[in-house]
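Here is the structure we will look at.
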Ligand code: AMP
């Protein structure tokens with residue numbers, strides 16, 4: 022998938038669209054999902070431009086990959102949910118139900134998020 026610079030998360034990264042920021046560092050930005058599906062629902066996106074997890078895992082450099090993974094952990098710490106637990110997931114491509122073509126991990130927390138449901 023070629024990267025679409027007009028996708029909504031690219032616009033958030035450029036500051037063209039506001040977000041409710043939770044955490045930011047050199048590698049990642051995290052913000053509250055506009056349609057939360059759990060008490061806490063945060064999206065964590067890498068600052069590097071990859072449409073999907075597949076492309077990120079194949080093409081990003083080691084610093085980008087480790088920086089992104091560590092940022093997700095720091096988001097959980099920042100939200101204060103590390104001890105109680107949380108769920109992370111990423112929808113990938115068409116069958117994965119991915120709507121926004123910039124890699125993102127959903128972080129659900131703040132309550133028992135329930136059994137993993139694949140509808
Ligand atoms: P996905 O289906 O995995 O691509 O998820 C995209 C997510 O982005 C959905 O949960 C949307 O609610 C969320 N979303 C779309 N636009 C925005 C926005 N402007 N700010 C925050 N979250 C958004």
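In the numbering used here, the protein residues as written are 22 to 140.
Glycine included, C-beta positions come from ideal geometry on N, C-alpha and C.
Source: prediction; values computed, not measured.
1) Whether or not the segment 64 to 77 and the segment 123 to 137 are in contact is what I'm after, with contact meaning three or more pairs of Cβ atoms, one per stretch, closer than 8 Å; do they touch?
2) Could you tell me the alpha carbon to alpha carbon distance between residue 92 and residue 25, rounded to whole angstroms?
3) Looking at residue 52: is its Cβ nearer than 9 Å to the Cβ of residue 68?
4) Could you tell me how far apart the beta carbons of residue 99 and residue 43 are, in whole angstroms, since I believe they sit closer than 8 Å?
5) Have a look at the DSSP bridge pairing and note the partners of residue 67.
6) Which same chain residues end up closer than 6 Å to residue 33 when comparing Cβ atoms and leaving out the 5 residues on each side of it in sequence?
Walking through what the data contain:
1) Counting Cβ pairs under 8 Å, three or more are found: they touch.
2) Their Cα atoms are separated by approximately 23 Å.
3) Taking 9 Å as the cut-off, the beta carbon of residue 52 is found no closer than this to the beta carbon of residue 68.
4) Approximately 6 Å separates the beta-carbon atoms of residue 99 and residue 43; this is inside 8 Å, confirming the contact.
5) Looking at the DSSP assignment, residue 67 forms a beta bridge with 49.
6) Cβ within range, chain order: 40.
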